[in-house]
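Visitor: Dropping the structure in here first, questions after.
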Amino acid sequence: MGQDSLLTVTAGQGDGIYSLLRKNGYSPTKYYNAFIESNKELLAEEEALKIGQAYQLPDTTVLLKVDEEAYVDIKKYPIFGEAYAKVDSLSNRLEGTIYYLVSGHGGPDPGAVETYNGDMIAEDEYAYDVTLRLYRELISHGAEVFLIIRDENDGIRDDRKLALDTDEVTYPNEEIPLNQVARLKQRVKAVNALYKENLGKYQRLLVTHVDSRSKGTNIDVFFYHHQKSKNGKRLAESIHQTFQKKYARFQPNRGYRGTFEDRSSLYLVKKTLPAMTYIEIGNIRSKKDQRRILDPDNRQALAKWISEGILLDYESRNTD
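Structural data, given as structure tokens:
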């Protein structure tokens with residue numbers, strides 16, 4: 002494509018940053034941040050593109066030297082689906098860390114369901130999609146990641162309406178029980194067994210849910226931690242701070258009302274061994290929150306912001 006550093010493209014219907022970069026010959030993982038920096042004044046809420054707006058594509062010469070040194074390691078992960086399977090190595094900032102990712106519900110339990118344009122949508126599918134995107138972000142920075150709830154054939158999906166299925170399993174390949182307590186115990190057992198196998202290493206757990214309140218209630222992303230876990234609180238606070246900064250930048254007139262607080266009574270918060278944070282990304286029954294949850298680029302932004310909070314948490318661990 003000539004690699005003209007001043008090349009601009011106009012966003013059309015359905016375009017997001019990832020899709021726009023990909024169809025113009027750029028690696029989305031590699032050039033996402035450069036695109037944001039070049040076009041930060043032109044983006045809508047949660048780093049979304051505006052239809053009809055012209056955007057400047059990244060200057061490839063700026064990253065040329067970095068490309069040669071840091072991006073030679075490209076691995077393939079089928080769990081992400083064909084479009085996202087190849088993952089560039091962006092850095093080693095999380096080298097030596099282990100993250101356990103649990104998306105809410107799954108298997109015979111879809112969580113809250115809602116009707117959208119005549120079709121059923123379920124919270125487990127959207128929590129899983131955000132979790133997969135977060136997984137991809139973390140490994141691009143050198144982390145080791147265990148995906149506790151898995152669906153081998155879904156992959157990362159760029160659709161607004163994610164089809165419901167029940168074939169998710171719990172790591173390593175356990176059928177998810179229908180009974181709620183049995184289901185939670187199974188997840189705790191999987192996480193805690195892995196934690197014990199990796200004693201002495203830096204380990205963290207992130208649980209992702211979509212909330213289900215009344216239809217008129219819209220919420221900002223919020224976070225829970227265990228009251229006795231200093232590291233869990235810092236992890237939640239770091240991600241919370243990242244969201245505050247992002248909202249101040251992209252939605253300065255709106256404000257951010259998400260919170261982080263103790264919720265030690267939740268089963269996964271109380272029973273799991275790693276320091277952890279429990280994330281609620283929105284209310285699936287709220288029309289306003291559906292814009293955040295159903296838009297694939299917003300789901301990507303959520304995963305990106307969570308990963309930036311994780312990086313902040315890890316890199317500030319010795320500054321307390």
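The sequence shown runs contiguously to residue 321 in our numbering.
Just so you know, even glycine gets a beta-carbon here, dropped at the ideal spot from N, CA and C.
1) Give the DSSP bridge partners of D120, in chain order.
2) Write down every uninterrupted run of the alpha helix (DSSP H) in the stretch 181 to 226 whose length is 4 residues or greater and which is fully enclosed by it, in chain order.
3) For the stretch 112 to 121 against the stretch 187 to 198, are there 3 or more C-beta pairs whose distance is under 8 Å?
4) If I measure Cβ to Cβ from I99 and keep anything under 6 Å in the same chain, skipping five residues before and after, which residues do I get?
5) When you compare only the Cα positions, how much space is there between Y129 and G105?
6) With Q57 as the anchor, note down where its beta strand (DSSP E) starts and where it stops.
7) Is the beta carbon of I150 sitting closer than 8 Å to the one on E176?
8) Which two residues bound the contiguous alpha helix (DSSP H) that contains G310?
9) May I have the straight-line CA-CA distance separating N34 from E47, to the nearest angstrom?
10) Along the alpha helix (DSSP H) that carries Y33, what are the first and last residues, could you check?
11) Please classify L43 as buried or exposed, where buried requires at least 16 neighbouring CB atoms within 10 angstroms.
12) Would you tell me roughly how many angstroms separate the C-alpha atoms of A84 and G156, rounded to the nearest one?
13) If we ignore side chains and look at the alpha-carbon of each, how far apart do N180 and M277 end up?
14) Residues in the same chain with beta-carbon distance under 6 Å from P109, minus the five sequence neighbours each way, listed in chain order, please.
15) Mind reading off the beta-carbon distance from G143 to R94? Whole number of angstroms is fine, and I expect it under 8 Å.
16) Apart from the five residues just before and just after R23, which ones in its own chain have a Cβ nearer than 6 Å to its Cβ?
17) Within a Cβ cutoff of 8 Å, which residues of the same chain sit near S308, ignoring the five residues on either side of it in sequence?
18) Does DSSP put I285 in a helix, a strand or coil?
19) On the DSSP bridge assignment, give the partners of G107 in chain order.
20) Name the two residues that bound the continuous beta strand (DSSP E) containing I75.
21) Are there three or more Cβ pairs, one per stretch, closer than 8 Å when the stretch 47 to 60 is compared with the stretch 265 to 283?
22) DSSP state of E138, grouped into three classes?
23) For E176, which three-state DSSP category applies?
24) Give the straight-line distance between the Cα atoms of R235 and F251, rounded to the nearest whole angstrom.
Guide: Quick look at the numbers:
1) Locating residue 120 in the sequence shown gives position 119, counting from the first residue. Per DSSP, Y117.
2) Entirely contained in the stretch 181 to 226, the alpha helix (DSSP H) runs reaching 4 residues are, in chain order, 181 to 198.
3) The stretch 112 to 121, when compared against the stretch 187 to 198, does not touch it at the 8 Å Cβ threshold.
4) Counting from 1 along the sequence shown, the entry for residue 99 is found at position 98. Only E145, N199, K202, Q204 meet the Cβ criterion.
5) Translated into positions along the sequence shown, residue 129 becomes position 128. Translated into positions along the sequence shown, residue 105 becomes position 104. Going from the Cα of Y129 to the Cα of G105 covers about 7 Å.
6) Translated into positions along the sequence shown, residue 57 becomes position 56. Counting along the chain, the beta strand (DSSP E) containing Q57 begins and ends at 55 to 57.
7) Residue 150 sits at position 149 when you count from the first residue of the sequence shown. Residue 176 sits at position 175 when you count from the first residue of the sequence shown. Contact flag unset, no.
8) Taking the first residue of the sequence shown as 1, we reach residue 310 at position 309. Segment 297 to 316, the alpha helix (DSSP H) holding G310.
9) For this step, residue 34 is matched to residue 33 along the sequence shown. For this step, residue 47 is matched to residue 46 along the sequence shown. C-alpha separation (whole angstroms): 14 Å.
10) Along the sequence shown, read from residue 1 onward, the residue named residue 33 stands at position 32. 29 to 40 is the extent of the alpha helix (DSSP H) around Y33.
11) Here residue 43 refers to the residue found at position 42 of the sequence shown. With fewer than 16 Cβ atoms within 10 Å of its Cβ, L43 is classed as exposed.
12) For this step, residue 84 is matched to residue 83 along the sequence shown. For this step, residue 156 is matched to residue 155 along the sequence shown. The alpha-carbon atoms of A84 and G156 are separated by roughly 9 Å.
13) Position 179 of the sequence shown holds residue 180. Position 276 of the sequence shown holds residue 277. The alpha-carbon atoms of N180 and M277 are separated by roughly 24 Å.
14) On the sequence shown, position 108 is the one that residue 109 refers to. Taken in chain order, the residues that qualify are T167, L179.
15) Along the sequence shown, read from residue 1 onward, the residue named residue 143 stands at position 142. Along the sequence shown, read from residue 1 onward, the residue named residue 94 stands at position 93. Yes, G143 and R94 are in contact; Cβ-Cβ is about 6 Å, under 8 Å.
16) As a position in the sequence shown, residue 23 is number 22, starting the count at 1. Same-chain partners within the cutoff: P29.
17) Indexing the sequence shown from 1 puts residue 308 at position 307. The residues are L135, E138, L139, H142.
18) For the purposes of this step, residue 285 is taken as residue 284 along the sequence shown, with counting starting at 1. Under the three-state reduction of DSSP output, I285 falls in the coil class, being neither helix nor strand.
19) Residue 107 sits at position 106 when you count from the first residue of the sequence shown. Answer by DSSP bridge pairing, in chain order: D110.
20) Stepping through the sequence shown from its first residue, residue 75 is reached at position 74. It spans 75 to 77 - the beta strand (DSSP E) in which I75 sits, taken as one unbroken run.
21) The count of Cβ pairs closer than 8 Å, one atom from the stretch 47 to 60 and one from the stretch 265 to 283, stays below three, leaving the stretches out of contact.
22) To locate residue 138, count along the sequence shown from 1; it is residue 137. Three-state DSSP puts E138 in a helix.
23) In the sequence shown, counting from the first residue as 1, residue 176 sits at position 175. Strand at E176.
24) Counted from its first residue, the sequence shown places residue 235 at position 234. Counted from its first residue, the sequence shown places residue 251 at position 250. One alpha carbon belongs to R235, the other to F251, and they sit about 24 Å apart.
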